[in-house]
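Participant: Residues in the sequence shown are numbered consecutively from 64, following the working numbering.
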Amino acid sequence: MPWRDGTGPRWGRGRGQGKGRGIGRGGGMGRGMGRGMGMGHGAGAAPGPAGAAPTAAIPQVDPEKCVGCGECAKACPFGAIDIQSGKAVVNAALCRGCRVCTSACPTGAIS
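(1) Roughly how far, in whole angstroms, is the beta-carbon of D167 from the beta-carbon of E134, given that I think they are within contact range, below 8 Å?
(2) The alpha helix (DSSP H) that contains V130, what's its start and end?
(3) Measure the beta-carbon distance from A136 to A151 and round it to whole angstroms, keeping in mind my assumption that it falls under 8 Å.
(4) In the DSSP assignment, find the unbroken beta strand (DSSP E) run with A167 in it and report its ends.
(5) If you run the structure through DSSP and keep just helix, strand and coil, what is A138?
(6) Among residues of its own chain, excluding the 5 on either side of Q123, which ones have a beta-carbon nearer than 8 Å to its beta-carbon?
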């Protein structure tokens, strides 16, 4: 509940805050800051290592070069690489395109 002088925390619209359901404080944050205080508009951080591009292409494994050493699987921060039948296999559902595996591969089999 706000104090009589218009300051203090309150639910609903804060001064100059526009329509929305965020938490308002005296003075507001400007127009258009509604639900979630701007989340969903690029304000959040994606999980993973710095520089990871979640929309990047999924790395491809060259089976001719892959020796199945597993270095790429160990390096992958998302657990998206498995060694199957002696070769690295990228799970596209888990891969975020960070490319850590490409630099970890000693034979250059991942591009």
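Glycine included, every Cβ here is placed at the ideal spot set by N, Cα and C. Everything numeric in this text was worked out from a predicted model, so none of it was measured.
Facilitator: The relevant details are as follows:
(1) Looking at the sequence itself, residue 167 is Ala, so the reference to Asp does not match. Correct: roughly 5 Å between the Cβ atoms.
(2) Careful: V130 lies outside any alpha helix (DSSP H) and carries neither H nor E.
(3) 7 Å
(4) For A167, no beta strand (DSSP E) encloses it; the enclosing alpha helix (DSSP H) starts and ends at 163–167.
(5) helix
(6) When the five nearest sequence neighbours on each side are left out, the beta carbons in the same chain lying within less than 8 Å of the beta carbon of Q123 are those of V153, I173, S174, in order along the chain.
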